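Written out below as C-alpha cells is the structure these notes cover.
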Amino acid sequence: MLNLTNVDDALHKGEEWLETNKKTFLSETETGISFKDNFADLLLLELSNRWDYPVIVPEDYPEDNDTNAVAFSILKPTDSRAKVLIDEILACKNADGIVQVHLDPNRPRIAPEVSANILSLFYSYGRGHEVQESLSYLQKAMALEEYQESRYYFLPEPLFFYTWRLLCIASGSALETIDNQRLPKELHTLRDHLIRRVSARLGTAKDNALCPALRILICHSLGIKNDVDLQLLLDLQEDDGSFGRAWFEGLDPSSARLHERGLHAARKTENNPRPPSDMQQRIHDPQMQYARWSDWPLAPSIARNDKGIQHDHHTLGSLESPRPSHDLLLLHH
Numbered sequence: 005m006l007n008l009t010n011v012d013d014a015l016h017k018g019e020e021w022l023e024t025n026k027k028t029f030l031s032e033t034e035t036g037i038s039f040k041d042n043f044a045d046l047l048l049l050e051l052s053n054r055w056d057y058p059v060i061v062p063e064d065y066p067e068d069n070d071t072n073a074v075a076f077s078i079l080k081p082t083d084s085r086a087k088v089l090i091d092e093i094l095a096c097k098n099a100d101g102i103v104q105v106h107l108d109p110n111r112p113r114i115a116p117e118v119s120a121n122i123l124s125l126f127y128s129y130g131r132g133h134e135v136q137e138s139l140s141y142l143q144k145a146m147a148l149e150e151y152q153e154s155r156y157y158f159l160p161e162p163l164f165f166y167t168w169r170l171l172c173i174a175s176g177s178a179l180e181t182i183d184n185q186r187l188p189k190e191l192h193t194l195r196d197h198l199i200r201r202v203s204a205r206l207g208t209a210k211d212n213a214l215c216p217a218l219r220i221l222i223c224h225s226l227g228i229k230n231d232v233d234l235q236l237l238l239d240l241q242e243d244d245g246s247f248g249r250a251w252f253e254g255l256d257p258s259s260a261r262l263h264e265r266g267l268h269a270a271r272k273t274e275n276n277p278r279p280p281s282d283m284q285q286r287i288h289d290p291q292m293q294y295a296r297w298s299d300w301p302l303a304p305s306i307a308r309n310d311k312g313i314q315h316d317h318h319t320l321g322s323l324e325s326p327r328p329s330h331d332l333l334l335l336h337h
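All letters in the sequence shown, in the order written, are residues 5 to 337 by our numbering.
Okay, structure coming up:
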C-alpha cells in the first residue's frame with residue numbers, strides 16, 4: 005500500500021526543485037553543446053501554468069506544424085491571428101488529406117503524434133471537422149496493439165499524452181479533465197483506444213520517469229486506478245527533488261534522443277498561479293506576428309529540419325551523415 009506521506013514529500017521536493025531551477029532547463033549534448041527547446045518549454049508552460057519556469061525562446065518558430073499547433077493551442081492568440089495559421093496548416097495536407105509535419109510541401113512526412121497536436125489546435129478553435137482525415141490516421145495508430153516507432157518518437161507515452169491532451173481540449177475541459185458528456189462523438193473511439201493502450205502499459209518503462217508520470221496523469225482523468233506507476237515515481241525521485249533523465253523524443257534526422265528534466269518534473273507536481281496580465285496582453289497585441297515572439301526573452305534555440313540540427317547557426321548533424329553506432333544523447337537539464 006502506498007504511503008501518502010511519501011507522496012506528499014515527493015510533491016514538495018519536486019516543486020522545490022522546479023522553483024530552484026526555473027529558467028535554467030537547458031538541453032545538452034554529450035559533446036557539451038547546450039540549447040533551449042521551445043517545444044518542451046511550451047508544454048512546461050501549459051502543465052505548470054508558470055510563466056517564470058520556461059523561457060519561451062525562439063525569435064521565429066521552427067517551420068513545422070507541430071510546434072505552431074501546440075503554441076497556438078496553449079497561448080490562445082486572437083481568433084483572427086489563429087485563422088491565418090490554421091489556414092496555412094490546412095494547405096499542408098497530403099494526397100490522403102492528412103496534415104503533414106512541415107509547412108514545407110517538399111517534406112511529405114506524417115506522424116500520429118503530430119496529428120494529435122494539430123487536431124488539438126483545430127478542435128480548440130471549433131474547426132475539428134476540417135481535419136477528419138488526420139483523426140482517422142491517429143485512430144488507426146492508436147488501434148494497434150504494439151507501438152510503431154516513428155522518425156520522431158520511440159516510446160508510446162508521448163502519443164498517449166498528445167491524444168489525452170486532444171480529448172481534454174475537444175471536450176472543452178481544463179487540462180487533466182475529460183468531460184465525456186461534451187466529448188465529440190467522433191472522438192469516443194479514440195478515447196476507448198487510449199484507455200486500452202494505457203492500461204496495457206502500466207508498470208512498464210521502469211527506468212524512464214516520464215512514462216509512469218504521463219500514465220498517472222491520463223489514468224487520473226479516466227478513472228483508472230494506477231498505484232503501480234505512482235510507486236515507480238516515488239522510487240525514481242532523486243535527492244534534489246528531480247526525477248533524473250527521462251527520454252521524451254528523437255531529433256530528426258539524427259535519431260538523437262531528447263530529455264527535459266523540467267518538463268517531466270512539472271508533469272509530476274502541481275503549482276498553478278495564473279500568468280500575469282501583462283503577458284496575456286502581449287499575446288493579444290495586434291503588433292505581434294503569429295510566428296514571431298521578439299519581445300520575449302530569447303535564448304539559443306534549435307531548429308529541427310532535414311538539413312540538420314541547427315544551434316546558433318552551427319550544424320550539429322546532417323541528413324547525409326551516417327547514423328552513429330550509438331544514439332547521440334541529448335540531455336535536458
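Idealized CB from N, CA, C, for every residue including glycine. None of the values given here were measured: they were computed from a predicted structure.
- With a 10 Å radius around the Cβ and a threshold of 16 neighbouring Cβ atoms, residue 95 comes out exposed.
- The three-state secondary structure of residue 68, taken from DSSP, is strand.
- A direct Cα-to-Cα measurement between residue 112 and residue 137 gives close to 16 angstroms.
- In the DSSP assignment, residue 103 forms a beta bridge with 97.
- For residue 136, the uninterrupted alpha helix (DSSP H) run begins and ends at 136-147, by DSSP.
- Note on the region 176-262: whole alpha helix (DSSP H) runs with a minimum of 4 residues are 192-205, 214-226, 231-240, in chain order.
- Residue range 116-128 is occupied by the alpha helix (DSSP H) that includes residue 128.
- Exclusion of the five residues before and after residue 10 leaves 238 as the residues of its chain whose Cβ lies within less than 8 angstroms of its Cβ.
- Residue 74 and residue 131 have their alpha carbons spaced roughly 15 angstroms apart.
- For residue 161, the enclosing alpha helix (DSSP H) stretches over residues 161-174.
- Assigned with DSSP and collapsed to three states, residue 76 falls in helix.
- Taking the CA atoms as reference points, residue 244 sits about 20 angstroms from residue 233.
- Your pair residue 115 and residue 140 does not check out as a contact, with CB atoms roughly 15 angstroms apart and the cut at 8 angstroms.
- Contact between the region 210-218 and the region 187-200 is not established, with fewer than three Cβ pairs separated by less than 8 angstroms.
- Residue 124 counts as buried, since at least 16 other C-beta atoms from the protein chains shown sit within 10 angstroms of its C-beta.
- The C-beta distance from residue 205 to residue 171 rounds to 17 angstroms, too long to meet the 8 angstroms contact threshold.
- If the five residues before and after residue 97 are omitted, its C-beta is found closer than 8 angstroms to the C-beta atoms of 103, 104, 137, all from its own chain and listed in chain order.
- When the five nearest sequence neighbours on each side are left out, the beta carbons in the same chain lying within less than 7 angstroms of the beta carbon of residue 100 are those of 137, in order along the chain.
- Excluding its 5 nearest sequence neighbours in each direction, residue 160 has C-beta neighbours in its own chain below 6 angstroms: 151, listed in chain order.
- Taken atom to atom, the span from the alpha-carbon of residue 134 to that of residue 156 is near 25 angstroms.
- Looking at the backbone, the Cα of residue 221 and that of residue 230 are separated by about 10 angstroms.
- In this structure, residue 93 sits away from residue 128, with a CB-CB distance that is not shorter than 8 angstroms.
- A straight line joining the alpha-carbon of residue 147 with that of residue 241 spans about 33 angstroms.
- In the displayed model, residue 20 falls within a helix according to three-state DSSP.
- Relative to residue 224, the option among 186, 179, 188, 17 whose CA is nearest is 179.
- A straight line joining the alpha-carbon of residue 187 with that of residue 181 spans about 11 angstroms.
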